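Okay, structure first, notes after.
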Amino acid sequence: MSRTLPEPSIDELDLTAILGALVDPARRAIMTVMYRGPEPFDCSASTWCANLGVTPPTISHHFRTLREAGLTRTVVDGRSRNVRVRKEDVEKRFPGLLDAVLGHDAEGPGPAA
Numbered sequence: 039m040s041r042t043l044p045e046p047s048i049d050e051l052d053l054t055a056i057l058g059a060l061v062d063p064a065r066r067a068i069m070t071v072m073y074r075g076p077e078p079f080d081c082s083a084s085t086w087c088a089n090l091g092v093t094p095p096t097i098s099h100h101f102r103t104l105r106e107a108g109l110t111r112t113v114v115d116g117r118s119r120n121v122r123v124r125k126e127d128v129e130k131r132f133p134g135l136l137d138a139v140l141g142h143d144a145e146g147p148g149p150a151a
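Basically our numbering = 1-based index in the sequence shown + 38.
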């Protein structure tokens, strides 16, 4: 049985939290790859670790920070985690923000979509 991890509602999305999450180059690279890729983005933590040169706990921290800022939705199904960008939710609260920050961002390091 799958479950969605806690995330802020659309009304609770906070611009400071979102920009704070995106200021980190690794998180911005993760978001850029997911923003441009298929949804839900299917990529193992080990692939992210290898491409970004970080440890599994660091990847876990980055994904948690993105989710807590309201940028991503994580659905846990057994040992699998499916993560997708909350494009529509963020667009409703802050129109044009993700495209402005991620749509024109240069391809950063990360798994190929």
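Glycine included, C-beta positions come from ideal geometry on N, C-alpha and C. Quick caveat, the model's predicted, so the values are computed rather than measured.
Less than 9 Å separating the beta-carbons of Ala59 and Leu136?
-> Position 21 of the sequence shown, counted from the start, is the residue given in the question as residue 59. Position 98 of the sequence shown, counted from the start, is the residue given in the question as residue 136. Not a contact, by the Cβ cut-off of 9 Å.
Distance, Cα to Cα, Ala151 vs Glu45?
-> Counted from its first residue, the sequence shown places residue 151 at position 113. Counted from its first residue, the sequence shown places residue 45 at position 7. Unreliable placement is indicated for Ala151, whose pLDDT of 42 sits below 50; the coordinate value is still reported in the next sentence. Each residue's Cα considered, the two are about 24 Å apart.
Can you check whether the CB of Asp49 is closer than 9 Å to the CB of Thr103?
-> Mapped onto the sequence shown, residue 103 falls at position 65. Mapped onto the sequence shown, residue 49 falls at position 11. Taking 9 Å as the Cβ cut-off, Thr103 and Asp49 do not qualify as a contacting pair.
Could you tell me how far apart the beta carbons of Leu90 and Ala67 are, in whole angstroms, since I believe they sit closer than 8 Å?
-> One-based indexing of the sequence shown puts residue 90 at position 52. One-based indexing of the sequence shown puts residue 67 at position 29. Yes, Leu90 and Ala67 are in contact; Cβ-Cβ is about 7 Å, under 8 Å.
Terminal residues of the continuous alpha helix (DSSP H) containing Thr96?
-> The count along the sequence shown starts at 1 and reaches residue 96 at position 58. 94–106 is the extent of the alpha helix (DSSP H) around Thr96.
Taking Val139 as the reference, which of Leu53, Arg41, His99, Trp86 has the closest Cα?
-> The count along the sequence shown starts at 1 and reaches residue 139 at position 101. The shortest C-alpha separation from Val139 is found at Leu53.
State the DSSP-derived secondary structure class of Asp115, mapped to helix, strand or coil.
-> Locating residue 115 in the sequence shown gives position 77, counting from the first residue. In the structure shown, Asp115 sits in a strand (DSSP, three-state: E or B).
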